[in-house]
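Here's the structure we're looking at; comments come further down.
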């Protein structure tokens, strides 16, 4: 596997771990009802799809299976959709240029999702070739 493949493996591993940690914190340490009223566009179902297909892509990339490309594209599409939705919400509510740590964290998440989602097709081009 080339460096592109390893970068995708790292990206999808961080996606699965980060999404799991995000929702674990919401359900274990915060009040989910308050969280959903504050951020009405977050969706555990969409995040589950994004992280699940990312995990399938991760396993497929490590095993160099043909289904890895399909799963990676599905996860990348979800990353772009969720990232753009979050950016739109942050822009509409004025949080995009706010300065608190929590708000910066909420800006970093869609930025990372968009980066992974938009770079995945390019990274897949040479991910399976021998280095």
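Numbering (our numbering), first residue to last: 83 to 213. Built from N, CA and C at the ideal position, the CB exists for glycine as well.
Q: On a CA-only basis, which of 137, 207, 187, 164 is nearest residue 153? Give me that one, please.
A: Taking residue 153 as reference, the option from 137, 207, 187, 164 with the minimal CA-CA separation is 137.
Q: Look up residue 203 in the DSSP assignment and say whether it is helix, strand or coil.
A: helix
(Q) Alpha carbons only, please: which of 86, 139, 181, 113 is nearest the one belonging to residue 156? (A) 139
(Q) My output table needs one value for residue 140: the three-state DSSP class, helix, strand or coil. (A) helix
Q | Stretch pair the segment 191-200 + the segment 156-169: three plus CB contacts closer than 8 Å | A | yes
(Q) Cutting at 7 Å between CB atoms, please list the residues of its own chain near residue 191, excluding the five before and the five after it. (A) 168
Q) When the Cα atoms are used, what is the spatial distance from residue 113 to residue 86? A) 39 Å
Q) Can you name, in chain order, every residue of its own chain whose Cβ lies under 6 Å from the Cβ of residue 101, other than the five neighbours on each side? A) 129, 133
Q: Would you identify the three-state DSSP class for residue 176, choosing helix, strand or coil?
A: coil
Q. Ends of the alpha helix (DSSP H) at residue 96?
A. 85-111
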